[in-house]
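Notes for the one structure printed next.
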Amino acid sequence: MACAFCGKPVNPHDSTVYQRVSGWEHRRKGGGTNAIALRKVEQKWAHANCIRRASRGLSGQESLV
Ligand SMILES: [Zn+2]
807 MACAFCGKPV NPHDSTVYQR VSGWEHRRKG GGTNAIALRK VEQKWAHANC
857 IRRASRGLSG QESLV
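Numbering (our numbering), first residue to last: 807 to 871.
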């Protein structure tokens, strides 16, 4: 499996790995955390580091590593 961000190999059985899910969130006034309905697990994985980097708004591309 390749990481969705950096393209390097990812082990889906590693406990630190993130797996992509999609679903539907109920929008409520005032926001807050809601449960996701019809949650669907996708066959996409990513490294925890790549998720952290992406969530900071940076590019998922790595230059020289
Ligand atoms: Zn990665």
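Even glycine gets a Cβ: it sits at the ideal position worked out from N, Cα and C.
7 Å Cβ cutoff, residue i in contact with chain C
{"i": "W830", "result": "No chain C appears in this structure, which consists of one protein chain only."}
Anticipated Cβ contact below 8 Å, residue i with residue j, distance rounded
{"i": "A843", "j": "W830", "result": "5 Å"}
{"i": "V847", "j": "V816", "result": "At roughly 15 Å, the Cβ-Cβ gap does not stay under 8 Å, so V847 and V816 are not in contact."}
Environment of ligand 1 in chain order, Cβ to heavy atom below 5 Å | Those satisfying the condition are, in chain order, C809, F811, C812, H853 and C856.
Please specify which runs of the beta strand (DSSP E), each continuous and at least 3 residues long, are wholly inside the stretch 817-845, giving them in chain order.
-> 824-831
With contact counted as at least three CB pairs below 8 Å, one residue from each stretch, are the stretch 850-857 and the stretch 828-838 in contact?
-> no
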